[in-house]
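Going by this note's numbering, the first residue of the sequence shown is number 36, and it counts up by one from there. All C-beta atoms, glycine included, are put in the ideal place defined by N, C-alpha and C. Quantities reported herein were computed from a predicted structural model and do not represent experimental measurements.
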Amino acid sequence: MSFSLFALLLLASPSITNANSICESSSGFSQEIVARWCGKGKNLNSARPRAAKPKAAKPLPAPIEEIQEDEAAQEGPRSATRIQETDRPGEPGTVRNCTPRDKERALDLLRREHPEGYRLVKKDLKQFREDAWWQDCANSENFDNLIVALHETVHGVSFPEGESGRENYPLIEGKQLKYLDNVGFFPPHRAGAEFPNDTFKDLYFTNKPDVTNSAQEFPILLDELNAYTHGLHAANVLHKHDKSRQWRAGAVALMSFVKAYITKAGQGDASDMAWQRLNEQQNRRTIQALYFQAENVVTASCRFPSDGQDRWYLAYLCKDKGASLERVLGRKPVCFAECGAKPRERRRP
Ligand SMILES: [Zn+2]
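Below you can see the structure in the form of structure tokens.
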């Protein structure tokens, strides 16, 4: 199976948070995908929301310091799904399983460039070492896996015991906010009609029977927003090591979904209860903190060029109908005008 098809299947995969994980049900997926993603006959899948994986990587130009052999040797048991034992960088468009050295290099990069992110990821390292996405190396620096690791770590803090153990939203600065209770919130997918049918809508804003995810519960939608914000922040910090991609599209997509949800809740129909819940003091403060954090990180990313996937959502965030969001935030939401535009695209003063 080609890497592009494999990546497409990963992108098309549901965000699964309950026991009916892809590893157990495998509905709609070939046995090859299930085996590669979940391990052969073994459920290695995290029972958490899952990040959309970006497109195939280009090889990274920036070299990284060699690490000591004994550090690499500390890696745990090798995966049964390993398909190629090599330490050479993967060719673009190929699937190559990560070696222990790949992973140590990636973590060393994170430790040096983004210590707060490293501390967060380190807590969940044992889990990641068995996750299938951590086994795929499309490039020598394993850059994408660092971002995915950070995204998944955020869910790890939110869902320490799986779906039943929701606790906190970890902020980038280290503080944690109490997870919202879902009582009174209508399912977010009901606010999704106006969005294009893309990967982000499919993963995070589309109703899927028997799946508990951000399309079903507003507190999980905030969790995904936070996870993408952490990922984009790391991408900003690590940008000098890989300019070929960015994670802004996911962050602005989740911001747009939150805006759409709050707008619908503010329309005053059957969703009145949700509007009340959004405006309870503690809930409001949590939403403000997560949304403002996302605004700050997206703003910091705007100096980097757009990959095109963020365009629709950036325009949506600048559209009107933001009165309800403005009420919940206590100020006007940011419109990221010309975010990621090339210099020649920017308007002259
Ligand atoms: Zn996620």
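Distance, residue j Cα to residue i Cα
| i | j | result |
| --- | --- | --- |
| P368 | P135 | 44 Å |
| V393 | D342 | This structure cannot settle anything about residue 393, because the visible part of the chain is limited to 36 through 384. |
| P244 | G227 | 16 Å |
| I255 | N248 | 6 Å |
| V156 | V363 | 31 Å |
| F235 | L260 | 11 Å |
| V218 | Q311 | 11 Å |
| I322 | L257 | 8 Å |
| G266 | S291 | 17 Å |
| C374 | R225 | 29 Å |
| K138 | L238 | 27 Å |
| V272 | Q281 | 11 Å |
| H268 | Y153 | 13 Å |
| A300 | P223 | 10 Å |
| P205 | V192 | 7 Å |
| P89 | I297 | With a pLDDT of only 46 at P89, under the threshold of 50, the placement of this residue in the model should not be trusted, and no figure is reported. |
| R319 | L313 | 6 Å |
| K213 | N203 | 4 Å |
| Q328 | T264 | 7 Å |
| D166 | G303 | 43 Å |
| K377 | P150 | 31 Å |
| A288 | Y348 | 6 Å |
| A372 | F240 | 25 Å |
| P231 | Y351 | 11 Å |
| N331 | E208 | 12 Å |
| F221 | S359 | 16 Å |
| H274 | A284 | 15 Å |
| V19 | F253 | There is no way to answer for residue 19, as the model of the chain reaches only from 36 to 384. |
| D307 | E148 | 45 Å |
| D159 | N132 | 20 Å |
| H186 | A262 | 5 Å |
| D277 | L181 | 12 Å |
| K356 | K161 | 45 Å |
| S353 | Q317 | The sequence as given places Cys at residue 353; Ser does not occur at that position. Approximately 27 Å between the Cα atoms of the pair. |
| D216 | C337 | 33 Å |
| R366 | A324 | 13 Å |
Beta bridge counterpart(s) of residue i as assigned by DSSP
| i | result |
| --- | --- |
| K213 | N203 |
Which of helix, strand or coil DSSP assigns to residue i
| i | result |
| --- | --- |
| N132 | strand |
| S336 | helix |
| T247 | coil |
| A372 | coil |
| V218 | coil |
| F253 | helix |
| P231 | coil |
| F327 | helix |
| K377 | coil |
| K367 | coil |
| D143 | helix |
| E187 | helix |
| E259 | helix |
| D179 | helix |
| G266 | helix |
| K138 | helix |
| N242 | coil |
| G125 | Confidence at G125 is low in this model, with a pLDDT of 36, below 50, so its placement is unreliable and the value that follows should be read with caution. Correct three-state label for G125: coil. |
Range of the contiguous alpha helix (DSSP H) that encloses residue i
| i | result |
| --- | --- |
| W310 | 307–313 |
| W347 | 346–353 |
| A295 | 283–300 |
| S341 | No alpha helix (DSSP H) holds S341; DSSP gives it neither H nor E. |
| T273 | The displayed chain sequence assigns Leu, not Thr, to residue 273. From DSSP, L273 is part of no alpha helix (DSSP H); its letter is neither H nor E. |
| V363 | 358–364 |
| F235 | 234–239 |
| P150 | 150–158 |
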